[in-house]
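S.K.:
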Amino acid sequence: MAFASVRPSTRAGRCRVHRLWACGIAASAVGCAQPLQPRDGGPTATFQWADWADSSEYEIVDLGTLGGAKSAATGINNQGHVIGWSAVGPDFSHAFVWDGAMRDLGTVGDGRAEVVPNAINARGQIVGYESDFPNILRAVMWDSGVLRDLGTLGDQELPVAIASAVSDAGQVVGASQTAGGPLHAFLWRDGAMT
Numbered sequence: 273m274a275f276a277s278v279r280p281s282t283r284a285g286r287c288r289v290h291r292l293w294a295c296g297i298a299a300s301a302v303g304c305a306q307p308l309q310p311r312d313g314g315p316t317a318t319f320q321w322a323d324w325a326d327s328s329e330y331e332i333v334d335l336g337t338l339g340g341a342k343s344a345a346t347g348i349n350n351q352g353h354v355i356g357w358s359a360v361g362p363d364f365s366h367a368f369v370w371d372g373a374m375r376d377l378g379t380v381g382d383g384r385a386e387v388v389p390n391a392i393n394a395r396g397q398i399v400g401y402e403s404d405f406p407n408i409l410r411a412v413m414w415d416s417g418v419l420r421d422l423g424t425l426g427d428q429e430l431p432v433a434i435a436s437a438v439s440d441a442g443q444v445v446g447a448s449q450t451a452g453g454p455l456h457a458f459l460w461r462d463g464a465m466t
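The sequence shown maps to residues 273 to 466 in my numbering.
1) Just the Cα atoms here: how many angstroms apart are residue 443 and residue 459?
2) Given that a residue counts as buried once 16 or more other Cβ atoms are within 10 Å of its Cβ, and exposed if not, what is residue 454?
3) Which runs of the alpha helix (DSSP H) spanning at least 4 residues fall entirely within the stretch 329–412, listed in chain order?
4) Does DSSP put residue 462 in a helix, a strand or coil?
5) What are the partner residues of residue 421, as DSSP defines its beta bridges?
6) Which first and last residues belong to the beta strand (DSSP E) in which residue 426 is found?
7) DSSP three-state label for residue 436, please.
8) Using CA atoms only, rank isn't needed, just tell me which of 446, 361, 391, 353 is closest to residue 385.
9) What number of angstroms, rounded off, separates the C-alpha of residue 449 from the C-alpha of residue 399?
10) According to DSSP, simplified to helix, strand and coil, what is residue 313?
11) Tell me, which residues are paired with residue 457 by DSSP?
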């Protein structure tokens, strides 16, 4: 379901935007959309939408998928790099970055995981989480093509941690389960979570 439009029209087909997640560069947004009349619960399309202040024109770009039926954009930085997740099988999704082409960011484990990026900074560092077993959530960071497990404030055997945001200085915030069980906010910087 590829679509792109320079102004609202039926040429590109009508769609319903059902989730808008992030705004980055001036008046840009990312999210996912589906046709107004989906076929059999048809696929959703990941898109980047840009609205130029000097006109009523806009563009919606279908970012595609990593091979599965669904994808969703979750963030955009000031460079226009879009992050999100895409289905790669019936039970798995991988994180991607789109900078004109969609690239799979990989996983910490064997690839059979749900991987969701939550934020991208101006330097292109991406943070989010990977879930590869019930009750295991790993806070992760992608930096210069390297995927890193950020650890937890508690149990390393059954980790529960989610990275939510990353500053341009590379500092990460999120939530992690402590050794005693409850979730606490964390700050990760210089390789350590506190």
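Ideal Cβ positions, reconstructed from N, Cα and C, are used throughout, including at glycine.
M.R.: Taking the coordinates as given:
1) Position 171 of the sequence shown, counted from the first residue, corresponds to residue 443. Position 187 of the sequence shown, counted from the first residue, corresponds to residue 459. For residue 443 and residue 459, the distance between alpha carbons rounds to 7 angstroms.
2) Position 182 of the sequence shown, counted from the first residue, corresponds to residue 454. Of the residues assessed, residue 454 falls on the exposed side of the cut-off, its CB having fewer than 16 other CB atoms within 10 angstroms.
3) Counting only unbroken stretches of 4 or more residues, no alpha helix (DSSP H) element lies wholly within the stretch 329–412.
4) Position 190 of the sequence shown holds residue 462. In this structure, residue 462 counts as coil in the three-state DSSP scheme.
5) Against the sequence shown, residue 421 aligns to sequence position 149. Note: residue 421 sits in a beta bridge opposite 412.
6) The sequence position of residue 426 within the sequence shown is 154, counting from 1. Where residue 426 is concerned, there is no enclosing beta strand (DSSP E), given that its DSSP letter is neither H nor E.
7) Taking the first residue of the sequence shown as position 1, residue 436 is located at position 164. Residue state, collapsed to three classes: strand.
8) Residue mapping note: residue 385 aligns to position 113 of the sequence shown, counting from 1. Nearest to residue 385 by C-alpha distance, out of 446, 361, 391, 353, is 361.
9) What you label residue 449 is simply residue 177 of the sequence shown in a count that begins at 1. What you label residue 399 is simply residue 127 of the sequence shown in a count that begins at 1. Spanning the alpha carbons of residue 449 and residue 399 requires a straight line of approximately 17 angstroms.
10) Position 41 of the sequence shown holds residue 313. Per-residue confidence for residue 313 stands at a pLDDT of 46, beneath the threshold of 50, marking its modelled position as unreliable; no derived number is given.
11) In the sequence shown, the residue the question calls residue 457 occupies position 185. 447.
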